[in-house]
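Student:
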Amino acid sequence: MSLQGGADPRYSNPELPEGINASEEHPLREFAWLGTGAVALVLVIVFALGWAGQWMGALIPFSFETRLAASVASPLREAADSPAREALQKLADRLVKADPLPEGMRITLHLADSAERNAFATLGGHVFVTRGLLDALPSENALAMVLAHEIGHVRQRHVIRSIGRGLLVSLALGVLTGTGQDDPASGALSQAGLTSALGFSRDQEREADQLGLHALQALYGHVAGAASLFELLEKEHGLRAPEWFNSHPDNAARIAAIEMHARTAGWPLQGAQSPMPSALAAAAAQ
Numbered sequence: 344m345s346l347q348g349g350a351d352p353r354y355s356n357p358e359l360p361e362g363i364n365a366s367e368e369h370p371l372r373e374f375a376w377l378g379t380g381a382v383a384l385v386l387v388i389v390f391a392l393g394w395a396g397q398w399m400g401a402l403i404p405f406s407f408e409t410r411l412a413a414s415v416a417s418p419l420r421e422a423a424d425s426p427a428r429e430a431l432q433k434l435a436d437r438l439v440k441a442d443p444l445p446e447g448m449r450i451t452l453h454l455a456d457s458a459e460r461n462a463f464a465t466l467g468g469h470v471f472v473t474r475g476l477l478d479a480l481p482s483e484n485a486l487a488m489v490l491a492h493e494i495g496h497v498r499q500r501h502v503i504r505s506i507g508r509g510l511l512v513s514l515a516l517g518v519l520t521g522t523g524q525d526d527p528a529s530g531a532l533s534q535a536g537l538t539s540a541l542g543f544s545r546d547q548e549r550e551a552d553q554l555g556l557h558a559l560q561a562l563y564g565h566v567a568g569a570a571s572l573f574e575l576l577e578k579e580h581g582l583r584a585p586e587w588f589n590s591h592p593d594n595a596a597r598i599a600a601i602e603m604h605a606r607t608a609g610w611p612l613q614g615a616q617s618p619m620p621s622a623l624a625a626a627a628a629q
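Numbering (my numbering), first residue to last: 344 to 629.
Take a look at the structure:
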């Protein structure tokens, strides 16, 4: 069929206005907005999964955590000094008797053969104390505060909560980046998740400090020696990064918080301090 008088407008292509497919925004600006949105979404997902991991970790029975701990290798080489380990266990048992743990929880002390000044709680209520830390502490009371702090982490399930957070965050990063188990990037992500799992937040550290004070007061009737370790670290450390760069609160801030919490609770900051048990003093001198 032929058309008369020109083409039928129904079958012709209309002329499009100029710039219809062009954006007034610069392409780099659009890319920046998209990139920022994507990063923000990833951060929200990771934060949500981290929170969910901590919440789920607290629901795991302590009995299961204890069995899980049996399958995990010790992070430090243990010292063969049985009398010192027994003295550590006795002090921990005294703290738990003065400030009882929930039913079914048990604390097991270990002496680590390391010159580093450190103490930490691991899965299943296992607490490690290094020879180096024993050598630095001036009294049994100062050691009791360290042990009570780590027992506080166990009491509040901070260990399993942090591991739950680290595992979910690591899995989320692996899924979001599409890395496989054999990919080198996956190993790095797993290491990041492990690092996250082994660290406690500043809020958890403050909570453990307060629980440690409570146990110290229950055992001795005062909290003298509670800040000894932090006072020592404060003297030894030079320039430090701002507190918000650190996983642990600043030493000066912890000392001030300990004193404020004790005064608020009406607990004496001064009192007789016991010498370090002879077995522990001997172990520290080795």
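From the three backbone atoms N, C-alpha and C, an ideal C-beta is built for every residue, glycine too.
For a quick check, are the C-beta atoms of Ala627 and Asp456 less than 8 Å apart?
Tutor: Taking the sequence shown and counting its residues from 1, the one referred to as residue 627 is at position 284. Taking the sequence shown and counting its residues from 1, the one referred to as residue 456 is at position 113. For Ala627 and Asp456, no; Cβs fall outside 8 Å.
Student: Once you ignore the five residues that flank Thr538 on each side, which residues in its own chain have a CB closer than 7 Å to its CB?
Tutor: Within the sequence shown, residue 538 is the residue found at index 195, counting from 1. For Thr538, the predicted structure reports a pLDDT of 42, less than 50, and the residue's modelled location is therefore unreliable. The matter cannot be settled from this model.
Student: Measure the alpha-carbon distance for His565 versus Leu559 and round it to whole angstroms.
Tutor: Residue mapping note: residue 565 aligns to position 222 of the sequence shown, counting from 1. Residue mapping note: residue 559 aligns to position 216 of the sequence shown, counting from 1. In a straight line, the C-alpha of His565 is about 7 Å away from that of Leu559.
Student: How far does the beta strand (DSSP E) with Phe463 in it extend, from its first residue to its last?
Tutor: Residue 463 sits at position 120 when you count from the first residue of the sequence shown. Phe463: member of the beta strand (DSSP E) spanning Ala462 to Ala464, first to last residue.
Student: Measure the alpha-carbon distance for Ala535 versus Ile506 and round it to whole angstroms.
Tutor: Taking the first residue of the sequence shown as position 1, residue 535 is located at position 192. Taking the first residue of the sequence shown as position 1, residue 506 is located at position 163. Bear in mind that a pLDDT of 40 at Ala535, under 50, signals an unreliable position, so the model cannot answer this.
Student: Please state if the CB of Ala487 and the CB of Leu556 are separated by a distance shorter than 8 Å.
Tutor: As a working mapping, residue 556 is identified with position 213 in the sequence shown. As a working mapping, residue 487 is identified with position 144 in the sequence shown. No.
Student: I need the DSSP call for Phe471, collapsed to helix, strand or coil.
Tutor: In the sequence shown, residue 471 corresponds to position 128, counting from 1. Residue state, collapsed to three classes: strand.
Student: With a threshold of 7 Å on Cβ separation, who are the neighbours of Pro527 within its own chain once the five nearest residues in sequence on each side are excluded?
Tutor: Here the question's residue 527 lines up with position 184 in the sequence shown. Unreliable placement is indicated for Pro527, whose pLDDT of 43 sits below 50; no coordinate value is reported for it.
Student: Since Ala622 and Ala430 are thought to touch, with beta carbons under 8 Å apart, how far apart are those beta carbons, to the nearest angstrom?
Tutor: As a first step, residue 622 must be located in the sequence shown, where it is residue number 279. As a first step, residue 430 must be located in the sequence shown, where it is residue number 87. The pair is a contact, with the Cβ atoms about 4 Å apart (cut-off 8 Å).
Student: Count Cβ pairs between the segment 603-613 and the segment 405-423 that sit closer than 8 Å; are there 3 or more?
Tutor: no
Student: With C-beta atoms as the reference, is Leu452 less than 8 Å away from Val439?
Tutor: Taking the sequence shown and counting its residues from 1, the one referred to as residue 452 is at position 109. Taking the sequence shown and counting its residues from 1, the one referred to as residue 439 is at position 96. No, these two residues do not count as a Cβ contact at 8 Å.
Student: Please list, in chain order, all residues of the same chain as Pro620 whose beta carbon is under 6 Å from its beta carbon, the five residues on each side excluded.
Tutor: Position 277 of the sequence shown, counted from the first residue, corresponds to residue 620. Taken in chain order, the residues that qualify are Ala430.
Student: Can you give me the C-alpha to C-alpha distance between Ala462 and Glu493, rounded to a whole angstrom?
Tutor: For the purposes of this step, residue 462 is taken as the residue at position 119 of the sequence shown. For the purposes of this step, residue 493 is taken as the residue at position 150 of the sequence shown. For Ala462 and Glu493, the distance between alpha carbons rounds to 8 Å.
Student: From this set, Asp442, Glu577 and Ala491, which residue's C-alpha is nearest Val470's C-alpha?
Tutor: Walking along the sequence shown from the start, residue 470 turns up at place 127. The shortest Cα separation from Val470 among Asp442, Glu577 and Ala491 belongs to Ala491.
Student: Below 8 Å on the Cβ atoms is my guess for Leu444 versus Arg498; work out the distance and round it to an integer in Å.
Tutor: Against the sequence shown, residue 444 aligns to sequence position 101. Against the sequence shown, residue 498 aligns to sequence position 155. Leu444 to Arg498, Cβ: 6 Å. Contact.
Student: Sorted by chain position, which residues of the same chain lie with C-beta nearer than 8 Å to Ser482's C-beta, five sequence neighbours on each side aside?
Tutor: As a working note, residue 482 is residue 139 in the sequence shown. These residues qualify, in order along the chain: Gly568, Ser571, Gln616, Ser617, Pro618 and Met619.
Student: For Arg474, count neighbouring Cβ atoms within 10 angstroms of its own Cβ and tell me buried if that reaches 16, exposed if not.
Tutor: Taking the sequence shown and counting its residues from 1, the one referred to as residue 474 is at position 131. Per the 10 Å Cβ criterion, buried.
Student: For Thr465, is the classification buried or exposed, using 16 other Cβ atoms within 10 angstroms of its Cβ as the cut-off for buried?
Tutor: On the sequence shown, position 122 is the one that residue 465 refers to. Thr465 is buried by the Cβ-count criterion.
Student: In angstroms, rounded to a whole number, what distance separates the CA positions of Ala413 and Gly468?
Tutor: For this step, residue 413 is matched to residue 70 along the sequence shown. For this step, residue 468 is matched to residue 125 along the sequence shown. So the two alpha carbons sit approximately 11 Å from each other.
Student: Identify every residue that forms a DSSP beta bridge with Ala455.
Tutor: Within the sequence shown, the letter at position 112 stands for residue 455. Bridge partners of Ala455: Glu421 and Thr473.
Student: Straight-line CA distance for Ala427 to Arg420?
Tutor: Residue 427 sits at position 84 when you count from the first residue of the sequence shown. Residue 420 sits at position 77 when you count from the first residue of the sequence shown. Approximately 15 Å between the Cα atoms of the pair.
Student: Over what stretch of residues does the alpha helix (DSSP H) that includes Asp552 continue unbroken?
Tutor: Translated into positions along the sequence shown, residue 552 becomes position 209. Looking at the DSSP string, the run of the alpha helix (DSSP H) that includes Asp552 is Arg545 to Tyr563.
Student: What do you get for Val502, buried or exposed, if any count of 16 or more other CB atoms within 10 angstroms of its CB means buried?
Tutor: Locating residue 502 in the sequence shown gives position 159, counting from the first residue. Its Cβ being crowded by 16 or more others within 10 Å, Val502 is buried.
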